[in-house]
Amino acid sequence: MWLPLSVGTVTGKGLGSLCHVCLTPPIFLGTGLHGVVVNFGVHTNASTPSFFAPPILTAANLDLQYIRGKAQPIPWLPLAPGSDTFSGAFHYEIGATVPCLTCATKVSRGVGCASPCPPNPTLALDSHEPVLGERLDLVTTGASPCAVFGATVIGFVAFPPGFGICLNDCLCKQYVIPDATVVGLPVAGQWTTSVPLPLSPSLCGAVLYAQSFTIEMPFAVVSSNYLQLTTGS
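Residue numbers for the sequence shown follow this note's numbering, so the first one is 967 and each next one is one higher.
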């Protein structure tokens, strides 16, 4: 029986989207062969017997199969392709880029406000986890047709209650005290601000905050939620 050195959980984000998982406890692999077990959960409903598929073993790429509320014969037999199954390849990479025991995390805080310009979208900011040695893409969505330009601010300090921006709506708030500002041009309601994260152990566990704004005509300032980003592996 193989006993794992470490385990972690991950939630799929959809086709072509990167997922991030931290292992607990953290480990650093030396040279040699290492095994990976990926166990995909079974989605069941009330009419499905409580049988669970065995773990899926892999060392590289694999044909995956989700079981969605469909009874599986025993012993385990392949399900015919259809609405109850999904097959596809996946790729994974293992390892930290620097000796950093902190897990890279992203937490969305605060709330974005709606534009006064029809159709009144709400500005939103999102990103993946800030892994050292990689590029952090801060993606702003929900810019209205009236947005002339946008800006994403990054800082080391946040004020959770937020400062009211009452030029157009006191529900719009500034949460992040900016140390750097990057101007963006909304295209189809969104823009991306890319920030390279240096491959430096001194940045392990650093906490950053980010928030986006748009300037609109007729004049208005619209704000997004803000992100609390902890750099790590």
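The C-beta atom is built at its ideal place from N, Cα and C for all residues, glycine as well.
Since we're looking at a predicted model, the values are computed, not measured.
Could you check the C-alpha separation between Ser1093 and Pro1111 for me, to the nearest Å?
Approximately 23 Å, taken between the alpha carbons.
In whole angstroms, what separates the C-alpha of Asp1103 from that of Leu1163?
Taking the straight line from one Cα to the other gives about 10 Å.
On the premise that Ala1176 lies in contact with Leu1151, defined as a C-beta separation below 8 Å, what is that separation, rounded to the nearest angstrom?
Contact flag wrong, Cβ pair sits at about 18 Å.
Just reading off the beta strand (DSSP E) that Ser1081 is part of, what are its end residues?
Segment: none, Ser1081 is in no beta strand (DSSP E) and carries neither H nor E.
Neighbour-count burial assignment, Val1153, 16 or more Cβ in a 10 Å radius
It counts as exposed.
Where Met1183 and Thr1197 are concerned, what is the direct C-alpha to C-alpha distance, given to the nearest angstrom?
Cα atoms of Met1183 and Thr1197: separation of roughly 36 Å, rounded to the nearest angstrom.
Are the CB atoms of Val1188 and Thr1180 within a distance shorter than 7 Å?
Yes, the pair counts as a contact, with Cβ atoms nearer than the cut-off.
Would you identify the three-state DSSP class for Leu1102, choosing helix, strand or coil?
Reduced to three states, the DSSP call for Leu1102 is strand.
Please tell me whether Thr1106 and Trp1157 are closer than 7 Å, where the distance is taken between their beta carbons.
In this structure, Thr1106 lies near Trp1157, with their beta-carbon atoms less than 7 Å apart.
In the DSSP output, which residue or residues are listed as bridge partners for Phe1206?
With the chain covering 967 to 1199 only, the question about residue 1206 has no answer from this structure.
Short Cβ contact (7 Å threshold) for Phe1122 with Gln1140:
No, the Cβ-Cβ distance between Phe1122 and Gln1140 is not below 7 Å.
Who are the Cβ neighbours of Pro1114 in its own chain at under 7 Å, not counting the five residues just before and after it?
Inspection of the sequence shows that residue 1114 is occupied by Val rather than by Pro. Within the same chain, Val1114 has close Cβ partners Ile1181, Glu1182, Met1183.
Taking just the CA atoms, how far does Leu971 sit from Asp1149?
Residue 1149 is actually Val in this sequence, not Asp. Straight-line spacing of the CA atoms in Val1149 and Leu971 works out to 45 Å.
Using beta-carbon positions only, say whether Cys1170 and Thr1068 come within less than 7 Å of one another.
Yes, Cβ-Cβ distance for Cys1170 and Thr1068 is below 7 Å.
Opposing strand residues paired with Leu1193 [DSSP bridges]
Residue pairing by DSSP places Leu1193 opposite Ser1074, Ala1176 in a beta bridge.
Go to Ala1117, then tell me how far its beta strand (DSSP E) extends in each direction, as first and last residue.
Element bounds for Ala1117: 1113 to 1121.
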